[in-house]
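K.L.:
Got a structure for you, written out below as structure tokens; questions coming shortly.
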Amino acid sequence: EFFTKAYDTYKEEGVPDKVKQTTWHLAICSYVTGEYAKSAKYFEDILRFNEEDGDINAQKQTLKRLADIYQKLGQYDKALSINKKLYDICATDGDTPAALNALNNIAYCQTRGGNPNEAIKIFKQLNSLDIFENATDDQIAGTYSNIGLCYQNMGNAKEAYEYLEKAAELRKNNNQTAEYSQITNILALLCLKKRDLHNADIWCKEALTAAESTGDAQLRGDAYQTYNQLLQASGDYDKALEVYQNYLSLRDSAQVQKMMSDREINEDLRKMEDAEKDFSEQMVDAEISELTNRQLQLLADTRQKENELLAKDLEIKQMEQDRMQQTLLLTQQQAEAARREKAISDLKAQQAEDALKLQEQRNKELEDQRKINELESQKQKQILELQNEQKDKRIYKLIFALFGVILVVFIIIFIIVRKKNRILNEQKEEIINKNADLMHKNEEISIQKENLQMANDEIMNINDELSQQKDIIEAKNKSITDSIVYAQRIQQAVSSMPDFLADYNIEHFMFYRPKEIVSGDFYWFFHEDDTVIAVAADCTGHGVPGAFMSMLGMSLFNKIVNERRIFAPAQILNDMRSEVKRALHQDSIHAKNKDGMDLSLVKINTETLVMEFAGANNNGYLVSHYPKDEEDLARQDMARHEFVNETPDGFDRLHILPADRMPIGIHICEEKSFTVKTAQLRHGDRIYLTSDGFIDQFGGTDGRKFLTSNFSKMLSDICQLPMSEQCDKVIETHENWIADQYPQLDDIIVLGLKID
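Below you can see the structure in the form of structure tokens.
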């Protein structure tokens, strides 16, 4: 809504750049919220802008997004047209990787459009194109992989195997370990489908080795899952069970890593899928986030402009200082020029005075010579004349030399003065130009001050809008929370309570902690005559979705046990599985809906103390008491994670009651009946039922799962305590394990029963 208003405003004001930018935001927002048709319309407008601007790179990016959107909408004819246009542009632009990707997408659209043969033709024609000569091994391997997957979808296992094997070889040669693991895993599945167990085993081990070297939990989980199927097909069910447990651990690790890194985003996405109110709330959050970003951007721009103003003030002061220095230098140069002009004038006067003195001296010498000539005899007259001629020559030479010196000095002074005047004129022009720049910058500062004031006003408006949005969000959050709290009351009201157990001399405790307000874990009790039945169940999901499943589970237990009068544990679970599949429309193992529940059920005959246990993926735990003379019996045939503790009057042994490795819901072994474990109880024996929320909780110093081994050890350590203290110890252990550092990952239920 915010960008829509902004788009209308900018379009009305005729601001094309803002219209383009807002159109881009509208396209992205529509894409994120799943409004793909609207997003396609905006990207069509953006493509038109790109074509008008002649921006080839922008056209390529927009075409890629349009192709992706039309594929999501299932409009593969439009996606095909867009990809063809993208290929032509990329090929013309010399963008080989993008052109190859466009061809791959063309083939993909042909496949989804019901033309797999055309898709294969396109892939094979890549080898004959000039563009493929520059392709990397990675791109060639990708093409082989796509061809193989097309053949696989067509049911042509032979051709699929051939091309996938080529792709695997290229991936291996280029040390692309992750891709090699994926392809070899597919090859193993193809061999497994053909019952070629030998080659399936080879490819399985290749996939496992490659996945282990990457350390990627998802790849390792996929490889272990395929290996588990191979072991089952080979009849090695014990090892298959061990491998399947590894697969579950890796699958949970991958899920937890993603949840820890992007927990808030995943929560928002789930809420968008679960409730329309949550969707509206996220849209408001998006608007507030955008407004906040705009406010922060305006604040950043304001600070930047303030810094620019400060820098310009400093620059003006520096320029004024430079101008004063230039003025002082000009004054000094003018004074120097005046001083030199005076020196030239003084030099000329001195030269004139020297010439006058020289003339006077010459006249005196002539007069003296005349007197000498008069006194000397006529005999010396010729000598005197000769001497006079020589003196005249010297005088003329001296005069000419003096005149030359004066001329040279005058020329030098003229050159110096002219050069100084030129420098002064240049400096004067520079000062004039700087003064003009100062005036221009002062005008810019005034304009920026006005812009700064406008920005401050806009920030105030945004703050008011943020405050209004905050009030709206708080009101919506309260409404949603109130609804969920009311749902919690309904869930608690329909849950059967174990208060009747005291009438059967059975003590109990229950640690029940939902991850959110409502829970996907539930407990259910039944009693009639000498029969007591207790159930601890874990439904798919938690929160609101899990609560729906738990309500379904309690309803079905009431129907099967109370109405149909079925008390046999195995038959209860078999009927429960059928009812869940029927309620959730799980028609086949390939159905997309895999929801269901894991649970453990115990039935106790209070007269004979015979216990019957049946479980779907969730084990049960039995602590049996043995007298001191039965120590050998207490320690006989101990299984993994079982413990024996010595007590003052004998020994307590913790037995694990193994559940069947299949859920209540659709499963590969759905035709197999659930089994029952029977035990003769003694007074003082204790029974524990739990979901996987406690066992799978991450925590401790290393961030590991709590695991079955630690859970069994905890029960063995606390089983001698009164039931109320046992509950306190269970809660204390859980809180110490997470230590305020790790979030609760799932709903938790731990039920303890003691036969008095």
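Converting from the sequence shown to this note's numbering requires adding 27 to each position, the first position being numbered 1.
Note that the Cβ used here is the ideal one computed from N, Cα and C, for glycine as well.
Please read these numbers as outputs of a predicted model, since none were measured by experiment.
Is the beta carbon of isoleucine 775 sitting closer than 8 angstroms to the one on serine 700?
P.N.:
Numbered from 1 along the sequence shown, position 748 holds the residue referred to as residue 775. Numbered from 1 along the sequence shown, position 673 holds the residue referred to as residue 700. No, they are not a contact pair.
K.L.:
Just to confirm the assignment, what range does the beta strand (DSSP E) spanning aspartate 705 have?
P.N.:
To locate residue 705, count along the sequence shown from 1; it is residue 678. Per the sequence shown, residue 705 should be read as threonine rather than aspartate. It spans 704–707 - the beta strand (DSSP E) in which threonine 705 sits, taken as one unbroken run.
K.L.:
Which of the three DSSP states, helix, strand or coil, is assigned to alanine 118?
P.N.:
What you label residue 118 is simply residue 91 of the sequence shown in a count that begins at 1. The answer is helix: DSSP assigns alanine 118 an H, G or I state.
K.L.:
DSSP on proline 654, reduced to helix/strand/coil?
P.N.:
Here residue 654 refers to the residue found at position 627 when the sequence shown is read from its first residue. Note: proline 654 maps to strand in three-state DSSP.
K.L.:
Where does glutamate 79 fall in DSSP's three states?
P.N.:
Translated into the one-based positions of the sequence shown, residue 79 becomes position 52. Reduced to three states, the DSSP call for glutamate 79 is helix.
K.L.:
Can you tell which of Arg389, Leu434, Arg731 has its C-alpha closest to the C-alpha of tyrosine 423?
P.N.:
Looking up residue 423 in the sequence shown gives position 396. The option with the nearest alpha carbon to tyrosine 423 is Arg389.
K.L.:
What three-state label does DSSP hand asparagine 632 in the structure shown?
P.N.:
The residue you call residue 632 lines up with position 605 of the sequence shown. Three-state result, asparagine 632: strand.
K.L.:
Could you pull out every residue in the same chain whose Cβ sits closer than 6 angstroms to the Cβ of isoleucine 474, ignoring the five residues on either side in sequence?
P.N.:
Within the sequence shown, numbered from 1, the residue matching residue 474 stands at position 447. Answer for isoleucine 474: no residue qualifies.
K.L.:
Between the segment 554–565 and the segment 727–736, can you find at least three pairs of beta-carbon atoms closer than 8 angstroms?
P.N.:
In short, these stretches do not touch, since the Cβ pair count stays below three.
K.L.:
Could you name the residues of the same chain whose beta carbon sits closer than 8 angstroms to that of threonine 358, not counting the 5 residues immediately before and after it, in chain order?
P.N.:
Sequence index remark: in the sequence shown, residue 358 carries index 331 (1-based). Its pLDDT being 45, under 50, threonine 358 is placed unreliably by the model, and the measurement read from it follows with that caveat. No residues qualify anywhere along the chain.
K.L.:
Going straight from the alpha carbon of histidine 652 to that of valine 637, what length do you get?
P.N.:
By one-based count along the sequence shown, residue 652 stands at place 625. By one-based count along the sequence shown, residue 637 stands at place 610. Those two C-alpha atoms are separated by around 15 angstroms.
K.L.:
Under 7 angstroms: does the beta carbon of glutamine 495 sit that close to some heavy atom of the ligand HEM?
P.N.:
Looking at this structure, you won't find the ligand HEM or any other ligand, since it has none at all.
K.L.:
Could you compute how far the alpha carbon of serine 66 sits from the alpha carbon of glutamine 768?
P.N.:
Here the question's residue 66 lines up with position 39 in the sequence shown. Here the question's residue 768 lines up with position 741 in the sequence shown. When rounded, the distance between both Cα atoms is 41 angstroms.
K.L.:
Excluding sequence positions up to five away, which residues of its chain have a Cβ less than 6 angstroms from the Cβ of glycine 20?
P.N.:
Since the first residue of the chain shown is 28 and the last is 783, residue 20 is not available in this structure.
K.L.:
What is the C-beta distance between tyrosine 207 and arginine 198, in whole angstroms, given that I count them as a contact (C-beta under 8 angstroms)?
P.N.:
As a position in the sequence shown, residue 207 is number 180, starting the count at 1. As a position in the sequence shown, residue 198 is number 171, starting the count at 1. Correct: roughly 4 angstroms between the Cβ atoms.
K.L.:
So, are the CB atoms of glycine 784 and tyrosine 274 less than 8 angstroms apart?
P.N.:
Because residue 784 is not part of the residues shown, which for the chain are 28 to 783, the question remains open.
K.L.:
Buried or exposed: where does leucine 694 fall if 16 or more other Cβ atoms within 10 Å of its Cβ makes it buried?
P.N.:
Here residue 694 refers to the residue found at position 667 when the sequence shown is read from its first residue. Rather than leucine, the amino acid found at residue 694 in this sequence is histidine. So histidine 694 ends up on the buried side.
K.L.:
Please name the residue or residues paired with tyrosine 715 in a DSSP beta bridge.
P.N.:
Counting from 1 along the sequence shown, the entry for residue 715 is found at position 688. DSSP lists Tyr648, Gly779 as partners of tyrosine 715.
K.L.:
For asparagine 632, collect the residues of the same chain with a Cβ closer than 6 angstroms to its Cβ; drop the 5 residues on either side in sequence, then sort them by chain order.
P.N.:
As a working note, residue 632 is residue 605 in the sequence shown. Cβ neighbours of asparagine 632 beyond the five flanking positions: Asp557.
K.L.:
Kindly indicate which three-state DSSP category lysine 699 falls into: helix, strand or coil?
P.N.:
Locating residue 699 in the sequence shown gives position 672, counting from the first residue. Note: lysine 699 maps to coil in three-state DSSP.
K.L.:
Beta-carbon within less than 6 angstroms of leucine 103's beta-carbon, same chain only, minus the 5 sequence neighbours each way: which residues are those?
P.N.:
Start at 1 with the first residue of the sequence shown, and residue 103 comes out as number 76. The sequence given here places tyrosine at residue 103; leucine does not occur at that position. Excluding positions up to five away in sequence, the list reads Cys136, Arg139, Gly140.
K.L.:
On the premise that methionine 603 lies in contact with leucine 583, defined as a C-beta separation below 8 angstroms, what is that separation, rounded to the nearest angstrom?
P.N.:
Along the sequence shown, read from residue 1 onward, the residue named residue 583 stands at position 556. Along the sequence shown, read from residue 1 onward, the residue named residue 603 stands at position 576. Confirmed, about 6 angstroms.
K.L.:
Report the three-state DSSP secondary structure of threonine 728 (helix, strand or coil).
P.N.:
Translated into positions along the sequence shown, residue 728 becomes position 701. Correct three-state label for threonine 728: coil.
K.L.:
Quick one: what does DSSP say asparagine 763 is sitting in, helix, strand or coil?
P.N.:
Counting from one through the sequence shown, the residue named residue 763 turns up at place 736. DSSP places asparagine 763 in helix when its eight states are reduced to three.
K.L.:
Using C-beta distances below 6 angstroms, list every residue in its chain close to leucine 100, excluding the 5 sequence neighbours before and after it, in chain order.
P.N.:
Position 73 of the sequence shown, counted from the first residue, corresponds to residue 100. Excluding positions up to five away in sequence, the list reads Tyr63.
K.L.:
Spatial neighbours of aspartate 780 within its chain, please: C-beta separation below 6 angstroms, excluding the five flanking residues on both sides.
P.N.:
For the purposes of this step, residue 780 is taken as the residue at position 753 of the sequence shown. The displayed chain sequence assigns leucine, not aspartate, to residue 780. Same-chain partners within the cutoff: Ile533, His535, Ile714.
K.L.:
Quick check on glycine 182: buried or exposed, where buried means 16 or more other Cβ atoms within 10 Å of its Cβ?
P.N.:
The residue given as residue 182 occupies position 155 in the sequence shown. Looking at its Cβ environment, which holds fewer than 16 other Cβ atoms inside 10 Å, glycine 182 is exposed.
K.L.:
State the start and end residues of the unbroken alpha helix (DSSP H) segment that holds cysteine 566.
P.N.:
Within the sequence shown, numbered from 1, the residue matching residue 566 stands at position 539. Not the alpha helix (DSSP H): cysteine 566 falls in the beta strand (DSSP E), residues 558–566.
K.L.:
Going by Cα to Cα distance, which pick from Leu93, Asp44, Gln613, Gly573 is closest to serine 57?
P.N.:
As a position in the sequence shown, residue 57 is number 30, starting the count at 1. Cα-wise, what sits closest to serine 57 is Leu93.
K.L.:
With DSSP as the reference, identify every bridge partner of asparagine 672, one or two as the case may be.
P.N.:
The residue labelled residue 672 in the question sits at position 645 within the sequence shown. Asp679.
K.L.:
Counting C-beta neighbours from all protein chains within 10 Å, is the total for glycine 262 16 or more, i.e. buried, or is it exposed?
P.N.:
Taking the first residue of the sequence shown as position 1, residue 262 is located at position 235. Exposed, by the Cβ-count rule.
K.L.:
Would a check of beta-carbon distances place aspartate 164 closer than 8 angstroms to chain D?
P.N.:
As a matter of chain content, chain D is missing from the structure shown, which is built from one protein chain.
K.L.:
Please say whether alanine 641 and proline 685 have beta carbons closer to each other than 8 angstroms?
P.N.:
Taking the sequence shown and counting its residues from 1, the one referred to as residue 685 is at position 658. Taking the sequence shown and counting its residues from 1, the one referred to as residue 641 is at position 614. No; because the gap between Cβ atoms is not below 8 angstroms, this pair is not in contact.
K.L.:
Looking at leucine 649: is its Cβ nearer than 8 angstroms to the Cβ of histidine 682?
P.N.:
The residue given as residue 649 occupies position 622 in the sequence shown. The residue given as residue 682 occupies position 655 in the sequence shown. Cβ distance < 8 angstroms, so leucine 649 and histidine 682 count as in contact.
K.L.:
Let me know the secondary structure DSSP gives glutamate 752 once reduced to three states.
P.N.:
By one-based count along the sequence shown, residue 752 stands at place 725. DSSP places glutamate 752 in helix when its eight states are reduced to three.
K.L.:
I'd like to know if the segment 207–217 and the segment 234–241 are in contact, where contact means that at least 3 CB-CB pairs between them fall below 8 angstroms.
P.N.:
A contact exists between the segment 207–217 and the segment 234–241.
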